[in-house]
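A.B. asks:
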Amino acid sequence: MTTRNLTDKFLKFRNAVHTYQNVQSVLSLDNKKQKNTGTGIFSDDDIEEQDLLENDNFSTQNTHNTVLSIPIPPKYMDLIEEINYQISDIEKQMNYLEELHNKHLSIDFGDSIEQEHTIQILTSKISKMFFSCEKQIKKFGVNLQENSSGLDSNETVQRNIQISLAKKLRDLSNNFRQKQNIYLQEMKKREERLKEFGNDDDELKKFTLEDSTTDEDEFLYQDKGFTENQKSRVKLKKRMIEDRTQEIQNIVQSISGLAEIMKDLSVLVIEQGTLIDRIDYNIEQVVEHTQEALEEHRKANKYQKAFRMNLCILFLFVVVTILVIVIIFKKK
Numbered sequence: 030m031t032t033r034n035l036t037d038k039f040l041k042f043r044n045a046v047h048t049y050q051n052v053q054s055v056l057s058l059d060n061k062k063q064k065n066t067g068t069g070i071f072s073d074d075d076i077e078e079q080d081l082l083e084n085d086n087f088s089t090q091n092t093h094n095t096v097l098s099i100p101i102p103p104k105y106m107d108l109i110e111e112i113n114y115q116i117s118d119i120e121k122q123m124n125y126l127e128e129l130h131n132k133h134l135s136i137d138f139g140d141s142i143e144q145e146h147t148i149q150i151l152t153s154k155i156s157k158m159f160f161s162c163e164k165q166i167k168k169f170g171v172n173l174q175e176n177s178s179g180l181d182s183n184e185t186v187q188r189n190i191q192i193s194l195a196k197k198l199r200d201l202s203n204n205f206r207q208k209q210n211i212y213l214q215e216m217k218k219r220e221e222r223l224k225e226f227g228n229d230d231d232e233l234k235k236f237t238l239e240d241s242t243t244d245e246d247e248f249l250y251q252d253k254g255f256t257e258n259q260k261s262r263v264k265l266k267k268r269m270i271e272d273r274t275q276e277i278q279n280i281v282q283s284i285s286g287l288a289e290i291m292k293d294l295s296v297l298v299i300e301q302g303t304l305i306d307r308i309d310y311n312i313e314q315v316v317e318h319t320q321e322a323l324e325e326h327r328k329a330n331k332y333q334k335a336f337r338m339n340l341c342i343l344f345l346f347v348v349v350t351i352l353v354i355v356i357i358f359k360k361k
């Protein structure tokens, strides 16, 4: 059973209801005030009630303005929520598939066919979910490119969100492939054990497994002296081996499909690594330029202090010169 978090939608609808109620209350208070003003007759109680209503009206308007001032989430948040929900659903389905794998590898042969059918359906479903989620992430990137202006910081945020979602899906796909490979190896080992078990019987060593529904096979059984029990055992083993082979082929096909997803998502992750490298380079440049600026600041401070000293010396030199001139004129 799958669930979905609807808290955000509930809060949005609740705020909308509160906003509508506040607007209605403001309108009703205005209408009542106009009616009282039209009569021209007020008592003391009416005046006090009028003041209270005006205060309530003012507070209601403030509440109304506060509610309306709440920013609306951008449109791409719905798509992000949908992608996160799909990723969460994939994780749940993968956990359930892992339980089926463990159960299938340890159950009796009687329930094996039903379990294999369930595993095939669930594996195909998870693969389709991966492709669907990948399309949603690509759609997010296409919408970003169409609305890109190259100057908005919000676009950088959206780009980082897309890269983060792609990395999360890639890690999940890699985990799914590993589990499928482990299950594939276990199935191959099981198939080998079945073949070895079938070769233990000396009577079955002379028998070649072919289609058992033809009259030629029935003649072969009779010619080799097989009993009905032995013939049923041969048919059962043949069917089990065919089922195992088909299941292995389905697993290989699902792994091949996931490889394509990994290839596409790796491009975004590589871009993320490139972006991080650019950030590191920019940080190094900032540190280097900051050190140079600090050195220039020290030089400027030194020159400023020296300028003050030079200015004082120049001022004293001018004063001394003036005094010398004054003394010369006095002697004359």
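Take the position in the sequence shown, starting the count at 1, then add 29; the result is the number in my numbering.
Here a beta-carbon is modelled for each residue, glycine too, at the ideal position from N, C-alpha and C.
#1: Alpha helix (DSSP H) containing Lys121: first to last residue?
#2: What is the DSSP secondary structure of Leu345, counted as helix, strand or coil?
#3: Expressed to the nearest angstrom, what Euclidean distance is found between the alpha-carbon atoms of Ile109 and Glu127?
#4: May I have the straight-line CA-CA distance separating Arg337 from His326, to the nearest angstrom?
#5: Decide if Glu324 is buried, meaning its Cβ has at least 16 other Cβ atoms within 10 Å, or exposed.
#6: Compare the beta carbon distance of Glu120 and Leu194 with 8 Å and say whether it is the shorter of the two.
#7: Measuring alpha carbon to alpha carbon, tell me which residue in Tyr105, Gln122, Tyr114 and Glu163 is nearest Glu184.
#8: From Arg219 to Gln314, what does the alpha carbon distance come to, in whole angstroms?
#9: Leaving aside the five residues before and after Phe87 along the sequence, list all residues of the same chain whose C-beta is less than 6 Å from its C-beta, in chain order.
#10: How is Leu35 classed by DSSP in three states: helix, strand or coil?
#11: Tell me whether the beta-carbon of Gln191 lies closer than 8 Å to the beta-carbon of Ile155.
#12: Roughly how many whole angstroms lie between the Cα atoms of Phe370 and Asn203?
#13: In whole angstroms, give me the CA-to-CA distance for Leu352 and Lys334.
#14: Can the beta-carbon of Met158 be found closer than 8 Å to that of Asp107?
#15: Cys162 to Val316, Cα distance in whole Å?
#16: Could you pull out every residue in the same chain whose Cβ sits closer than 7 Å to the Cβ of Gly116, ignoring the five residues on either side in sequence?
C.D. replies: Let me lay it out:
#1: Within the sequence shown, numbered from 1, the residue matching residue 121 stands at position 92. Counting along the chain, the alpha helix (DSSP H) containing Lys121 begins and ends at Tyr105 to Ser135.
#2: Here residue 345 is taken as the residue at index 316 of the sequence shown, counted from 1. Looking at Leu345 - three-state DSSP - the assignment turns out to be helix.
#3: By 1-based counting over the sequence shown, the position of residue 109 is 80. By 1-based counting over the sequence shown, the position of residue 127 is 98. Going from the Cα of Ile109 to the Cα of Glu127 covers about 27 Å.
#4: For the purposes of this step, residue 337 is identified with residue 308 of the sequence shown, where counting begins at 1. For the purposes of this step, residue 326 is identified with residue 297 of the sequence shown, where counting begins at 1. The straight-line gap separating the alpha-carbon atoms of Arg337 and His326 is approximately 17 Å.
#5: Locating residue 324 in the sequence shown gives position 295, where the first residue counts as 1. Label assigned to Glu324: exposed.
#6: As a position in the sequence shown, residue 120 is number 91, starting the count at 1. As a position in the sequence shown, residue 194 is number 165, starting the count at 1. Contact: no.
#7: Locating residue 184 in the sequence shown gives position 155, where the first residue counts as 1. The shortest CA-to-CA distance from Glu184 to any of Tyr105, Gln122, Tyr114 and Glu163 is the one to Tyr105.
#8: Here residue 219 refers to the residue found at position 190 of the sequence shown. Here residue 314 refers to the residue found at position 285 of the sequence shown. Arg219 and Gln314: Cα-Cα distance of roughly 59 Å.
#9: By one-based count along the sequence shown, residue 87 stands at place 58. At Phe87, the pLDDT of 49 sits below 50, so the modelled position is not reliable; the number obtained from the coordinates is stated separately. So the list is empty, once near-sequence residues are dropped.
#10: As a position in the sequence shown, residue 35 is number 6, starting the count at 1. Leu35: coil per DSSP, three-state reduction.
#11: Numbered from 1 along the sequence shown, position 162 holds the residue referred to as residue 191. Numbered from 1 along the sequence shown, position 126 holds the residue referred to as residue 155. Their beta carbons are not under 8 Å apart, which means Gln191 does not touch Ile155 by this criterion.
#12: Coverage of the chain is limited to positions 30 through 361, which leaves residue 370 absent and any answer about it impossible.
#13: As a working note, residue 352 is residue 323 in the sequence shown. As a working note, residue 334 is residue 305 in the sequence shown. The C-alpha of Leu352 lies about 27 Å from the C-alpha of Lys334.
#14: Your numbering for residue 158 matches position 129 in the sequence shown. Your numbering for residue 107 matches position 78 in the sequence shown. No; because the gap between Cβ atoms is not below 8 Å, this pair is not in contact.
#15: The sequence position of residue 162 within the sequence shown is 133, counting from 1. The sequence position of residue 316 within the sequence shown is 287, counting from 1. A straight line joining the alpha-carbon of Cys162 with that of Val316 spans about 41 Å.
#16: Within the sequence shown, residue 116 is the residue found at index 87, counting from 1. What sits at residue 116 in the sequence shown is Ile, not Gly. Same-chain partners within the cutoff: Cys162, Lys197, Leu198 and Leu201.
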